[in-house]
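A.B. asks: Here it is, the structure, as structure tokens.
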Amino acid sequence: MRLLISAGAVVATLVTAGCSASADKDNGGDAAGFDAARKGVVNASDATGGTLRLGGTSDCDSWDPAATYNGFCWNMQRLMTRTLVASPGYGDPARTMKPGELVPDLATALGESNADKTVWTYKLRPGVKFSSGAAITSTDIKYGFQRMWATDVISGGPAGYFLCLLDTCDGEGNPAYQGPYKDKTGGLARIETPDPQTIVFKLTSSFADFDYLMALPATAPVPKAADTGGTYTRKVTASGPFVMSEYTPGQGVTWTRNPHWSQDTDEVRRPKVDKVTLTLLSNPDDLDARLKNGSLDLSAGGGVQPTFQSEILNTASLKANADNPVSGFVGLFAIFPTAPSLDNVHCRRAIAYALDKRDLLVQSGGSFGGDFAATLLPPAVPGHDTKANAYPSGADWTGDLDKAKHELVECGKPDGFDTVMAYTNSGSDPQIFASVQAALKRVGITVTGKQQDESVYYGSYIGAPANVKQQQLGIAAIGWAPDYPSGNGFLSLLVDGARIQDEGTTNYVSVNDDVLNGLIKRATTAPLVEQAGIFQELDKQTMERAIYIPYFYQKFLLYRNPRLTNVDLRADLGSYDLVNLGVSDGK
Amino acid sequence: MLRYLLGRIAGALTVVVVVSVVTFAIFQLAPRLTGANMAFYYTGKSTSEAQAAAVAQKFGFDKPLPEQYWTFMSGIVAGRDLSDGVTEVRCPAPCLGYSFRQNRPVLEMIGEAFPVTLGLTLGAAVLWLLFGVAAGVLSAVRRGSVFDRLATAVALIGVSVPEFFTGMLLIYLLTSGPAWLRLYPDGINYVPLTEDPVGWFAAMVPPWTCLALLFAALYARLTRATMLETLSEDYVRTAWAKGLPPRTVVGRHGLRAVLPPIVTLVGLDVGALLGGVVLVETLFSFPGLGRLAYRAITSQDLPVIMGVTIVGALLIVCANLIVDLLYGVLDPRVRNAR
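Which chain is which? The protein sequence lines are A and B, in order.
Heads up: the first sequence is residues 49 to 635, going by my numbering.
Heads up: the second sequence is residues 937 to 1274, going by my numbering.
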């Protein structure tokens, strides 16, 4: 499973975003200024009280932690739900952050595993409570997991990570356990709760990244007595510092402080405000107008609209309150070896060299909308190599036509060839297609387009190998983002031979390569410290095969109200760490 | 008059039935033509196959369309038991369907949204009638004057400028514009009339203005043209010759003749707007029928789309019925005609 959207929609979608802030963060920064929150904490303050006023243009897919799969919703889940481990608390000048860092949250320490990474044990902190006042026990954590198996009731979340990892599945990937609503006997024996403070996960296979999974909101505890199944989204029992006190679907949410949350039990969150509101507006320009006049503090979803973006960049006072982080999204092309001519790696490399990445960047929002991409792993994921560039596009990034032509000769197609490109009908995908078409025409590669609705694009169109062959697709535009900052949550999904399936595969190019599979297998048991190197190698090997070609790392232009304190960017989601924000005027 | 009334009501009911058949057919047939699984339009993309199968069985998507239509219409009269494959839900009469995306009966959602749209439409209608008809009458009476030329120019601008432009301009000026114009520093937020009548009125003024600007221009043009034609009639000339005061000539003889086409147009416009002021509600983020429909369309929440469409059609039919009845009152020749 993954968070993905079309390459074009990447530009406009207000979903999750990672940022490269962490690596170059020196902490303790205080003064506002352009990109200040990427370099340190802006307006560090201990002042408490007031209301954090968020705005957004779309409601969450669900407020049920197990049923949401949107990055900005995951960020807001941090207001009200806690997990065993979590991304570190931002907004704390004393903390030094590293890409992909995790810290204990409900647990006293990160997961303790056996040698082959199949058994993971966590101990809960004492004194942690739900908003109902009841103590959070290992049984509540387990129940939160059990709900994910009720895929007929709780759907839409990242359950795919867990179902076969913690239960026996049949040949079609269906787990034996049916969830707590159908199977009231307890079930899910692979999760053990020997005492209220201990929870043990016995996996079906090695999984070195298990701590990352434990940081997903879907693993938050849910008290069985408060579970209302599919309607839990409307009344979530909080374990975090805020509790949802009012929710009008499509219009807004209000969170107030959870009286049973204690700072003594939480090292991740340092909430400052008394209340958080989310106003949902259907007009994104109205949202920008409110950001500008200060009646809203932040956009919960992401970047500002082009009009306000231009105003920000041309007005010093506004620009001083903006940040432009790189998000986790990568715009890339899948090059299908199953297509005529493209079974030859040189023909695929010819495409890689001939792409005009400068024009692709322009079509994707310009320099404030993204950076040129030369590796598959984005900057926020450990293993990202800032120096690698397998297919240099020339000094101006418009393509290296000489090398492209040379590769065509090597491929035996010196005059080029014809191929088909798939893209969605959303965002700037049509412009991306036009750019690719024009760029490849320069070396004699003629590209015709096949446009598909985004709702079926990834699942049954490019996600179905038989369809890819039947349609003779050669290239497909893809938007890809990590669910968590690890190569396993990003790159493995694209090239793992075990993930090839009839429909809904994420290994779009159906590559089943011993070298790539071997690296993926190595990563499943390797310590976290070694994984960056393994995934860097996987990135390099994948690029050499020219089966995926990245062209841009998405960036957002974010605007923050000057009254906000403790402003910092989350490396894993690329948006401000909402839970730790304060307001200087106490209002 | 009774015969006229019954005839019109029977006609309106026929139209409602026809509209419901057409709407139902469109929404049931379209997904079939594209090969999409109908169940997903009811329960969402993340629905499991098992859940989709249960929904298809419960809603009888495999049954003939007439049978499905009959079940749908029966629900409006007697209510229905519905299911999203997991949750069994009783949708009480009049049941227009149930949104499993939001876990609420469609009628309840429409019931919440309708007052917003009603307030928007009626308030705007008062404004555009007041300014449009007055400007049209004055322009006709003072034909060729500075006022006439000015009113014509303003009307031309009003007709030419689309609502989304006016709306955005109003939002920008009133929330982020020059300080003296920044009357809504916290944004233009809808407040229910029952909670805060003053706040409701204040929030409504910008969208009213946005809607009224367009319609007032249209009505001013229509009124002016009809008035000019009427003022050139023999009976008006006779009235002037009799020495009647201008107020009587224009108000009683002239304006009365202008009213029937105005009333017809108002009925049609108000009816159409009641079905959902999509653009204005979306621009101002007002939770009315238009925004409800827009959200339902973007999330492919089929029961809500169908419900809003049928209610919208019903409102237009009702508005037309009222117009027909008023027409009978305004012009006795209409009600006496066979």
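Ideal Cβ placement from N, Cα and C applies to all residues, glycine included.
Note that the coordinates shown come from a computational prediction; the quantities given were computed from them, not determined experimentally.
Report all residues from its chain with a CB closer than 8 angstroms to the CB of D550 of chain A; omit the five preceding and five following residues, and keep chain order.
C.D. replies: As a first step, residue 550 of chain A must be located in the first sequence, where it is residue number 502. Around D550 of chain A: A512, P513, A514.
A.B. asks: So, are the CB atoms of V89 of chain A and A80 of chain A less than 8 angstroms apart?
C.D. replies: In the first sequence, residue 89 of chain A corresponds to position 41, counting from 1. In the first sequence, residue 80 of chain A corresponds to position 32, counting from 1. Contact flag unset, no.
A.B. asks: Given a limit of 8 angstroms on CB to CB distance, which residues of the stretch 1205–1225 of chain B reach chain A?
C.D. replies: Hits within the stretch, in order: E1217, T1218, L1219, F1220, S1221, P1223.
A.B. asks: Which residues, taken in chain order from the stretch 316–345 of chain A, show a beta carbon closer than 7 angstroms to some beta carbon of chain B?
C.D. replies: Result list: L329, S330, N331, D333, D334, A337, R338, K340, N341, S343.
A.B. asks: Am I right that G1207 of chain B and T1053 of chain B are in contact with their C-beta atoms under 8 angstroms? What's the rounded C-beta distance?
C.D. replies: As a working note, residue 1207 of chain B is residue 271 in the second sequence. As a working note, residue 1053 of chain B is residue 117 in the second sequence. Not a contact, Cβ separation roughly 12 angstroms.
A.B. asks: Could you check how far apart the C-beta atoms of G431 of chain A and L425 of chain A are, in whole angstroms? I think they sit under 8 angstroms.
C.D. replies: Counting from one through the first sequence, the residue named residue 431 of chain A turns up at place 383. Counting from one through the first sequence, the residue named residue 425 of chain A turns up at place 377. Yes, they are in contact, since the Cβ atoms of G431 of chain A and L425 of chain A sit about 5 angstroms apart, within 8 angstroms.
A.B. asks: For T1159 of chain B, name the three-state secondary structure that DSSP assigns.
C.D. replies: If you number the second sequence from 1, residue 1159 of chain B lands on position 223. In this structure, T1159 of chain B counts as helix in the three-state DSSP scheme.
A.B. asks: For a quick check, are the C-beta atoms of V1172 of chain B and G1190 of chain B less than 8 angstroms apart?
C.D. replies: Reading the second sequence from its first residue, position 236 is the one you call residue 1172 of chain B. Reading the second sequence from its first residue, position 254 is the one you call residue 1190 of chain B. Their beta carbons are under 8 angstroms apart, which means V1172 of chain B touches G1190 of chain B by this criterion.
A.B. asks: Apart from the five residues on each side of it in sequence, which residues of its chain come closer than 7 angstroms, Cβ to Cβ, to N437 of chain A?
C.D. replies: On the first sequence, residue 437 of chain A is found 389 positions in, with the first residue counted as 1. Answer for N437 of chain A: A422, listed in chain order.
A.B. asks: Does any CB atom of chain B fall closer than 8 angstroms to the CB of G76 of chain A?
C.D. replies: As a position in the first sequence, residue 76 of chain A is number 28, starting the count at 1. The pLDDT assigned to G76 of chain A is 40, lower than 50, so where the model puts this residue is not dependable; a value taken from the coordinates is nonetheless given after this. No, no contact with chain B.
A.B. asks: Write down every uninterrupted run of the alpha helix (DSSP H) in the stretch 1103–1182 of chain B whose length is 4 residues or greater and which is fully enclosed by it, in chain order.
C.D. replies: DSSP runs (the alpha helix (DSSP H)) wholly in the stretch 1103–1182 of chain B: 1133–1167, 1170–1177.
A.B. asks: Of the residues A:L488, A:S474, A:Q520, which one's Cα is nearest the Cα of Q499 of chain A?
C.D. replies: Within the first sequence, the letter at position 451 stands for residue 499 of chain A. Nearest C-alpha to Q499 of chain A: A:S474.
A.B. asks: In this structure, what does DSSP give as the bridge partners for Y607 of chain A?
C.D. replies: As a first step, residue 607 of chain A must be located in the first sequence, where it is residue number 559. DSSP output for Y607 of chain A lists A:A370 as bridge partner(s).
A.B. asks: Just to confirm the assignment, what range does the alpha helix (DSSP H) spanning S330 of chain A have?
C.D. replies: Working through the first sequence from its first residue, we reach residue 330 of chain A at position 282. Looking at the DSSP string, S330 of chain A is not in any alpha helix (DSSP H), and its letter there is neither H nor E.
A.B. asks: Quick one: measure Cβ to Cβ for V516 of chain A and I510 of chain A, integer angstroms, because I've assumed they're closer than 8 angstroms.
C.D. replies: Position 468 of the first sequence, counting from 1, holds the residue named residue 516 of chain A. Position 462 of the first sequence, counting from 1, holds the residue named residue 510 of chain A. Yes, they are in contact, since the Cβ atoms of V516 of chain A and I510 of chain A sit about 6 angstroms apart, within 8 angstroms.
A.B. asks: Terminal residues of the continuous beta strand (DSSP E) containing G103 of chain A?
C.D. replies: Within the first sequence, residue 103 of chain A is the residue found at index 55, counting from 1. Note, G103 of chain A: beta strand (DSSP E), 99–104.
A.B. asks: Give the range of the beta strand (DSSP E) segment to which V248 of chain A is assigned.
C.D. replies: Reading the first sequence from its first residue, position 200 is the one you call residue 248 of chain A. Where V248 of chain A is concerned, the enclosing beta strand (DSSP E) stretches over 246–250.
A.B. asks: I'd like to know if the stretch 1142–1157 of chain B and the stretch 1063–1072 of chain B are in contact, where contact means that at least 3 CB-CB pairs between them fall below 8 angstroms.
C.D. replies: These segments touch.
A.B. asks: Look at the alpha carbon of L390 of chain A and the alpha carbon of E455 of chain A, and state the distance between them as a whole number of angstroms.
C.D. replies: The residue you call residue 390 of chain A lines up with position 342 of the first sequence. The residue you call residue 455 of chain A lines up with position 407 of the first sequence. Distance between the alpha carbons of L390 of chain A and E455 of chain A is about 12 angstroms.
A.B. asks: Tell me the rounded alpha-carbon separation between V410 of chain A and T1130 of chain B.
C.D. replies: As a position in the first sequence, residue 410 of chain A is number 362, starting the count at 1. As a position in the second sequence, residue 1130 of chain B is number 194, starting the count at 1. Taking the straight line joining both Cα atoms gives about 50 angstroms.
A.B. asks: Tell me the rounded alpha-carbon separation between T1245 of chain B and V1042 of chain B.
C.D. replies: In the second sequence, counting from the first residue as 1, residue 1245 of chain B sits at position 309. In the second sequence, counting from the first residue as 1, residue 1042 of chain B sits at position 106. Straight-line Cα distance between these residues: approximately 11 angstroms.
A.B. asks: Would I1046 of chain B and G1224 of chain B qualify as a contact pair, given that the criterion is a beta-carbon distance under 8 angstroms?
C.D. replies: Counting from 1 along the second sequence, the entry for residue 1046 of chain B is found at position 110. Counting from 1 along the second sequence, the entry for residue 1224 of chain B is found at position 288. Not closer than 8 angstroms, so no.
A.B. asks: Just to confirm before moving on: does the CB-CB distance between M124 of chain A and A428 of chain A stay below 8 angstroms?
C.D. replies: In the first sequence, residue 124 of chain A corresponds to position 76, counting from 1. In the first sequence, residue 428 of chain A corresponds to position 380, counting from 1. No, they are not a contact pair.
A.B. asks: Among the candidates B:V952, B:Y1120, B:A1091, B:G1203, whose CA atom is the shortest distance from the CA of I1107 of chain B?
C.D. replies: Taking the second sequence and counting its residues from 1, the one referred to as residue 1107 of chain B is at position 171. It is B:Y1120.
A.B. asks: Please report how far the alpha carbon of N1039 of chain B lies from the alpha carbon of G277 of chain A, in whole angstroms.
C.D. replies: Taking the second sequence and counting its residues from 1, one reaches residue 1039 of chain B at position 103. Taking the first sequence and counting its residues from 1, one reaches residue 277 of chain A at position 229. The alpha-carbon atoms of N1039 of chain B and G277 of chain A are separated by roughly 11 angstroms.
A.B. asks: Would you mind reading off the limits of the alpha helix (DSSP H) that contains D477 of chain A?
C.D. replies: Position 429 of the first sequence, counted from the start, is the residue given in the question as residue 477 of chain A. Counting along the chain, the alpha helix (DSSP H) containing D477 of chain A begins and ends at 477–489.
A.B. asks: Buried or exposed, going by whether 16 or more other CB atoms sit within 10 Å of the CB of S415 of chain A?
C.D. replies: For this step, residue 415 of chain A is matched to residue 367 along the first sequence. Burial call: exposed.
A.B. asks: Give, in chain order, every unbroken run of the alpha helix (DSSP H) that is at least 4 residues long and sits entirely within the stretch 1190–1245 of chain B.
C.D. replies: Entirely contained in the stretch 1190–1245 of chain B, the alpha helix (DSSP H) runs reaching 4 residues are, in chain order, 1191–1210, 1214–1220, 1225–1234.
A.B. asks: To the nearest angstrom, report how far apart A364 of chain A and D371 of chain A are at their CA atoms.
C.D. replies: Residue numbering aside, residue 364 of chain A sits at position 316 when the first sequence is read from its first letter. Residue numbering aside, residue 371 of chain A sits at position 323 when the first sequence is read from its first letter. If you take the alpha carbons of A364 of chain A and D371 of chain A, they lie about 13 angstroms apart.
A.B. asks: Check whether the Cβ atoms of D521 of chain A and A470 of chain A sit closer than 8 angstroms, and answer yes or no.
C.D. replies: If you number the first sequence from 1, residue 521 of chain A lands on position 473. If you number the first sequence from 1, residue 470 of chain A lands on position 422. Residue 521 of chain A is actually Leu in this sequence, not Asp. Closer than 8 angstroms, so yes.
A.B. asks: Go through its chain and collect everything with a Cβ distance to V201 of chain A's Cβ below 8 angstroms, but skip five positions before and after it.
C.D. replies: Residue numbering aside, residue 201 of chain A sits at position 153 when the first sequence is read from its first letter. For V201 of chain A, where only same-chain residues beyond five positions count, the Cβ hits under 8 angstroms are R195, G227, Y229, G277, G278.
A.B. asks: If we ignore side chains and look at the alpha-carbon of each, how far apart do V1095 of chain B and A1152 of chain B end up?
C.D. replies: For the purposes of this step, residue 1095 of chain B is taken as the residue at position 159 of the second sequence. For the purposes of this step, residue 1152 of chain B is taken as the residue at position 216 of the second sequence. About 9 angstroms.
A.B. asks: Would you mind working out which of B:L1261, B:L1266, B:R1269, B:D1267 sits nearest L938 of chain B, comparing C-alpha positions?
C.D. replies: For the purposes of this step, residue 938 of chain B is taken as residue 2 along the second sequence, with counting starting at 1. With distances taken between Cα atoms, L938 of chain B lies closest to B:L1261.
A.B. asks: Would you kindly work out how many angstroms separate the C-alpha atoms of V600 of chain A and L408 of chain A, rounded to a whole number?
C.D. replies: Here the question's residue 600 of chain A lines up with position 552 in the first sequence. Here the question's residue 408 of chain A lines up with position 360 in the first sequence. The sequence as given places Phe at residue 600 of chain A; Val does not occur at that position. The alpha-carbon atoms of F600 of chain A and L408 of chain A are separated by roughly 8 angstroms.
A.B. asks: Give the range of the beta strand (DSSP E) segment to which F290 of chain A is assigned.
C.D. replies: As a working mapping, residue 290 of chain A is identified with position 242 in the first sequence. Per DSSP, F290 of chain A belongs to the beta strand (DSSP E) from 290–296.
A.B. asks: Name the two residues that bound the continuous beta strand (DSSP E) containing E240 of chain A.
C.D. replies: Counted from its first residue, the first sequence places residue 240 of chain A at position 192. 239–243 is the extent of the beta strand (DSSP E) around E240 of chain A.
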